[in-house]
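Q: Questions regarding the structure given below will be posed in turn.
In the numbering used here, the protein residues as written are -2 to 163.
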């Protein structure tokens, strides 16, 4: 069974979906079903149960929102993807709070050539576990905030939240 909880945040509701204590999806939406429909069919077949508390996941997420920016770094996450996408998601989790990288730099950190910046952008666009796989920390090399699945206002809030605590 996939368990879900929605937490209030200063930038809007955050839906957390977990299976056996591992985050499988998270996103800035009030409806966990929005995230659930993005899961692989084998996970969807397990069903969705909205709960009041996801335990350690809830505790560490609240700690992050309260300013302990590294609290969520240790939470286990799992999402599908090719070996290249997995390498990019792993490299994303290594980008420290309060810092940013470009798509080209992310590709290099994942052991891919800088020319793989497009693949890095695709990995961010299809990331199911925001902000735990912190694609908000990736900015275009040309400047600005770039895109973000939940909107640039959420991305800007996350970056400001993290940089204010450093």
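Positions of the beta carbon are idealized from the N, C-alpha and C atoms, including for glycine.
Mind checking whether residue 99 and residue 137 have CB atoms under 8 Å apart?
A: Yes.
Q: If you draw a straight line from the C-alpha of residue 8 to the C-alpha of residue 57, how long is it?
A: Computed Cα separation, rounded: 18 Å.
Q: Can residue 40 and residue -1 be called in contact, C-beta distance under 8 Å?
A: Yes, the pair counts as a contact, with Cβ atoms nearer than the cut-off.
Q: Starting from the Cα of residue 76, find the closest Cα among 144, 133, 134, 124 and give me that residue.
A: With distances taken between Cα atoms, residue 76 lies closest to 124.
Q: So if DSSP puts residue 16 in a beta bridge, which residue, or which two residues, is it bridged to?
A: DSSP, once it has assigned bridges, lists 19 as partnering residue 16.
Q: What is the DSSP secondary structure of residue 153, counted as helix, strand or coil?
A: Note: residue 153 maps to helix in three-state DSSP.
Q: Give me the Cα-Cα distance between residue 161 and residue 153, rounded to the nearest whole angstrom.
A: Those two C-alpha atoms are separated by around 12 Å.
Q: Measure from the alpha carbon of residue 126 to the alpha carbon of each residue in 2, 13, 1, then state which is nearest.
A: Nearest option by C-alpha distance: 13.
Q: Where does residue 123 fall in DSSP's three states?
A: Here residue 123 sits in coil by DSSP.
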